[in-house]
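Working notes for the structure below.
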Amino acid sequence: MPTLHDVARHAGVSIATVSRVLRNLPSVTPETRERVLLSVDALGYAPNPIGQALRAGHINAVALLVGDIGQGWYASLTRDMQVLLEREGMDLVLFNLGRSESRLNEVVERVISLRLRAVALATSDQIPSATIARIWRRLAEAGIVFIAIGHRVDGLGMPSIVYDDEEAGARAVSHLAQRGFAPIAYMGRIEKSMTGQVRFAGYLRGLIQNGLERDPSLEWSQTDSFRFTAGYNTMLDVRRRGVNFRSLIASSDELALGAMAAALDLKLRVPEDVAIIGFSGLEWAGYVRPALTTLDADTAAIAEQFSIGLKSALAGSSDSISAVIPRRLVLRDSA
């Protein structure tokens with residue numbers, strides 16, 4: 277593979293001159309520029325993009341920090357972020373936080389050492405605003421753009437993109453109530469999850485709006501998981517304890533599918549005996565039977581808003597983006 281030295285020798289100029297030509301600097305005569313470019317073509321020389329980026333002070337890539345790479349929503353977000361960033365000539369570097377704040381701090385320092393252009397923090401974990409503010413300042417000192425996905429921190433001057441989960445939770449309750457599916461339970465009030473808490477707040481608001489009484493026995497808190505097993509085991513447990521409910525809202529599609537599997541194993545009919553609504557709108561939700569009613573998650577819209585905020589920040593704008601993306605209730609057979 278030809279090097280910068282080979283091009284300089286072939287063109288009969290210095291390495292510094294070749295560098296100036298490749299960077300399109302003006303301090304080169306037209307004749308010399310043409311000679312260098314002819315040598316580049318003749319030798320098939322290709323500049324090292326990583327070396328160019330480091331000389332410019334950064335690598336043209338974005339770090340996407342996700343809470344749990346095994347969760348379907350994060351996979352969808354990663355796909356749409358990568359497609360959009362590649363369209364903008366940028367790469368994506370994926371980091372799985374594993375729901376660990378210490379891991380988050382380690383990754384931030386690694387991003388700084390890699391000299392990436394931006395960080396997208398996408399996690400449902402309940403991270404203190406002071407921690408996010410500290411990370412934002414740390415990245416800003418290194419000239420790295422920061423945008424939070426899932427945490428609304430624009431009130432503190434930090435850019436954020438969120439779903440309107442509270443409104444979505446209330447709408448799910450209204451749908452079930454209007455179809456006569458009360459009492460309505462909530463599965464996935466995960467104390468360490470910002471997302472779980474906001475969706476639960478929507479559930480409570482929906483009860484009030486529909487004149488339904490709150491029943492603490494219908495509020496089911498998982499320890500730290502939005503996954504299938506937690507949904508399955510919770511459904512088995514509440515049925516064993518004889519808890520009376522007619523429908524449930526699960527704070528993820530994975531929890532909903534786990535609950536539905538348990539219900540079917542218990543010989544319950546869905547939705548005739550128990551109606552179920554999930555959150556996230558994952559693709560497979562339409563292909564299970566019965567097909568799962570869910571509140572969708574437009575990850576392409578998240579990626580688009582991130583791109584808008586990133587371009588604005590790289591252009592030097594001081595305005596913080598605050599995007600709130602609505603969820604659509606996708607009606608299927610489970611509710």
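For the sequence shown, this note's numbering assigns the number 277 to the initial residue and increments by one for each residue that follows.
All C-beta atoms in this analysis are idealised placements derived from N, C-alpha and C, irrespective of residue type, glycine included.
Bear in mind that the values here come from a model prediction, so they are computed numbers and not experimental data.
- prompt: What three-state label does DSSP hand ILE597 in the structure shown?
  reply: The count along the sequence shown starts at 1 and reaches residue 597 at position 321. The three-state reading of DSSP puts ILE597 in coil, since its state is none of H, G, I, E or B.
field: Endpoints, the alpha helix (DSSP H) within which ALA579 is located
entry: Taking the sequence shown and counting its residues from 1, one reaches residue 579 at position 303. Per DSSP, the continuous alpha helix (DSSP H) segment holding ALA579 begins and ends at 575-590.
- request: Identify every run of the beta strand (DSSP E) within the stretch 284-311, keeping only runs that are complete inside it and at least 3 residues long; order them along the chain.
  value: Listed in chain order, the beta strand (DSSP E) elements of length 3 or more contained wholly in the stretch 284-311 amount to none.
query: Can you round the beta-carbon distance between ALA573 and TYR439 to whole angstroms, since I take them to be within the 8 angstroms contact cut?
result: Mapped onto the sequence shown, residue 573 falls at position 297. Mapped onto the sequence shown, residue 439 falls at position 163. Contact between ALA573 and TYR439 is confirmed by a C-beta separation of about 7 angstroms, below the 8 angstroms threshold.
task: For PRO306, count neighbouring Cβ atoms within 10 angstroms of its own Cβ and tell me buried if that reaches 16, exposed if not.
output: Taking the first residue of the sequence shown as 1, we reach residue 306 at position 30. Counting other Cβ atoms within 10 Å of its Cβ, PRO306 stays below 16 and is therefore classed as exposed.
- prompt: Which whole-angstrom value is the C-beta distance of ALA453 and ILE425, which I expect to be below 8 angstroms?
  reply: On the sequence shown, residue 453 is found 177 positions in, with the first residue counted as 1. On the sequence shown, residue 425 is found 149 positions in, with the first residue counted as 1. A Cβ-Cβ separation of about 31 angstroms leaves ALA453 out of contact with ILE425 under the 8 angstroms criterion.
message: Please state whether the Cβ-Cβ distance between GLY419 and VAL449 is less than 8 angstroms.
response: Position 143 of the sequence shown, counted from the first residue, corresponds to residue 419. Position 173 of the sequence shown, counted from the first residue, corresponds to residue 449. GLY419 is not a Cβ neighbour of VAL449, given a cutoff of 8 angstroms.
task: Please report how far the alpha carbon of GLY534 lies from the alpha carbon of LEU590, in whole angstroms.
output: Indexing the sequence shown from 1 puts residue 534 at position 258. Indexing the sequence shown from 1 puts residue 590 at position 314. Computed Cα separation, rounded: 43 angstroms.
field: Inter-stretch contact (C-beta, 8 angstroms, three-pair minimum) for the stretch 293-308 and the stretch 375-392
entry: Flag = no, the stretch 293-308 and the stretch 375-392 do not touch.
message: With three or more C-beta pairs closer than 8 angstroms as the rule, is the stretch 394-410 touching the stretch 363-381?
response: Yes: at least three Cβ pairs fall under 8 angstroms.
query: With distances taken from CA atoms, which of MET470, ARG428, VAL387, ALA577 is nearest HIS334?
result: Counting from one through the sequence shown, the residue named residue 334 turns up at place 58. Check the Cα spacing between HIS334 and each of MET470, ARG428, VAL387, ALA577: the tightest is with VAL387.
field: First through last residue of the beta strand (DSSP E) which encompasses THR570
entry: Position 294 of the sequence shown, counted from the first residue, corresponds to residue 570. It spans 569-572 - the beta strand (DSSP E) in which THR570 sits, taken as one unbroken run.
field: Residues that DSSP places opposite ASP367 in a beta bridge
entry: Counting from 1 along the sequence shown, the entry for residue 367 is found at position 91. For ASP367, DSSP records a beta bridge to ALA337.
task: Compute the Euclidean distance between the alpha carbons of GLY348 and GLY374, then round it to the nearest angstrom.
output: Position 72 of the sequence shown, counted from the start, is the residue given in the question as residue 348. Position 98 of the sequence shown, counted from the start, is the residue given in the question as residue 374. Using only the alpha carbons, I get a separation of about 14 angstroms.
query: What does a CB cutoff of less than 7 angstroms around ARG414 pick up in its chain, not counting 5 residues either side in sequence?
result: Here residue 414 refers to the residue found at position 138 when the sequence shown is read from its first residue. Excluding sequence neighbours, ARG414 sits near VAL384.
message: What would DSSP say about PHE457, mapped onto helix, strand or coil?
response: Translated into positions along the sequence shown, residue 457 becomes position 181. PHE457 falls in the coil class under three-state DSSP.
- prompt: Smallest Cα separation from ASP441: which of SER556, ARG515, SER588, ARG565?
  reply: Here residue 441 corresponds to residue number 165 of the sequence shown, with the count starting at 1. Among SER556, ARG515, SER588, ARG565, the Cα nearest to that of ASP441 belongs to SER556.
message: Excluding the 5 residues flanking LEU392 on each side, which residues of the same chain have their C-beta closer than 8 angstroms to its C-beta?
response: The residue labelled residue 392 in the question sits at position 116 within the sequence shown. HIS334, ILE335, ALA337, VAL338, ALA339, VAL369, ILE420.
query: When you compare only the Cα positions, how much space is there between LEU568 and PRO492?
result: What you label residue 568 is simply residue 292 of the sequence shown in a count that begins at 1. What you label residue 492 is simply residue 216 of the sequence shown in a count that begins at 1. Taking the straight line from one Cα to the other gives about 25 angstroms.
- prompt: Residues in its own chain within less than 8 angstroms of GLN638 by CB, not counting five upstream and five downstream?
  reply: With the chain running from 277 to 611 in the structure shown, residue 638 is simply not present.
- request: Please name the residue in ASP344, ARG363, ASP282 whose C-alpha comes closest to that of LYS587.
  value: If you number the sequence shown from 1, residue 587 lands on position 311. LYS587 has its Cα closest to that of ARG363, out of ASP344, ARG363, ASP282.
query: Straight-line CA distance for ARG475 to SER527?
result: Here residue 475 refers to the residue found at position 199 when the sequence shown is read from its first residue. Here residue 527 refers to the residue found at position 251 when the sequence shown is read from its first residue. About 7 angstroms.
Rounded distance between the beta-carbons of ALA551 and SER633, thought under 8 angstroms: Shown here, the chain extends from 277 to 611; a query on residue 633 therefore has no answer.
- prompt: Does the distance from the CB of GLY507 to the CB of GLU530 come in under 8 angstroms?
  reply: The residue labelled residue 507 in the question sits at position 231 within the sequence shown. The residue labelled residue 530 in the question sits at position 254 within the sequence shown. Yes, the pair counts as a contact, with Cβ atoms nearer than the cut-off.
task: Below 8 angstroms CB to CB, which residues in the same chain sit around GLN581 once its five sequence neighbours on both sides are set aside?
output: What you label residue 581 is simply residue 305 of the sequence shown in a count that begins at 1. Cβ within range, chain order: ILE437, ILE597, ALA599, ILE601.
task: Look up ARG393 in the DSSP assignment and say whether it is helix, strand or coil.
output: Locating residue 393 in the sequence shown gives position 117, where the first residue counts as 1. Note: ARG393 maps to strand in three-state DSSP.
- prompt: Which residue from ALA287, HIS451, THR293, ARG296 puts its Cα closest to that of LEU319?
  reply: Here residue 319 refers to the residue found at position 43 of the sequence shown. For the residues ALA287, HIS451, THR293, ARG296, the minimum Cα distance to LEU319 belongs to ALA287.
- request: Please work out which residues of its chain come closer than 8 angstroms, Cβ to Cβ, to VAL289, disregarding the five sequence neighbours upstream and downstream, and give them in chain order.
  value: Here the question's residue 289 lines up with position 13 in the sequence shown. Cβ within range, chain order: THR308, ARG311, VAL312.
query: Going by C-alpha distance, which of LEU544, ALA577, THR575 is nearest PRO566?
result: As a first step, residue 566 must be located in the sequence shown, where it is residue number 290. Of the candidates LEU544, ALA577, THR575, the residue whose Cα lies closest to the Cα of PRO566 is LEU544.
query: First and last residue of the alpha helix (DSSP H) that includes GLY482?
result: Within the sequence shown, residue 482 is the residue found at index 206, counting from 1. In the DSSP assignment, GLY482 falls within the unbroken alpha helix (DSSP H) covering 470-485.
query: Who are the near neighbours of LEU558 in its chain, counting only those whose CB is closer than 6 angstroms to its CB and skipping five residues on each side?
result: Counted from its first residue, the sequence shown places residue 558 at position 282. Taking LEU558 as the centre and dropping the five residues before and after it, the same chain places the C-beta of GLY348, ASP529 closer than 6 angstroms to its C-beta, in chain order.
field: Start and end residues, beta strand (DSSP E) containing TYR439
entry: Taking the first residue of the sequence shown as 1, we reach residue 439 at position 163. 436-439 is the extent of the beta strand (DSSP E) around TYR439.
field: Cβ-Cβ distance between PRO459 and PHE502 below 8 angstroms
entry: Counted from its first residue, the sequence shown places residue 459 at position 183. Counted from its first residue, the sequence shown places residue 502 at position 226. Going by C-beta atoms, PRO459 is not nearer than 8 angstroms to PHE502.
query: Helix, strand or coil: which one does DSSP assign to GLU417?
result: As a working mapping, residue 417 is identified with position 141 in the sequence shown. GLU417: helix per DSSP, three-state reduction.
- prompt: Roughly how far, in whole angstroms, is the beta-carbon of MET524 from the beta-carbon of TYR563, given that I think they are within contact range, below 8 angstroms?
  reply: Along the sequence shown, read from residue 1 onward, the residue named residue 524 stands at position 248. Along the sequence shown, read from residue 1 onward, the residue named residue 563 stands at position 287. First, the residue type needs correcting, since residue 524 is Leu and not Met in the sequence shown. Not a contact, Cβ separation roughly 21 angstroms.
Contact set for ILE553: own chain, Cβ-Cβ below 6 angstroms, skip 5 residues either direction: If you number the sequence shown from 1, residue 553 lands on position 277. Here the set comprises ALA448, ILE525, THR569, ALA611.
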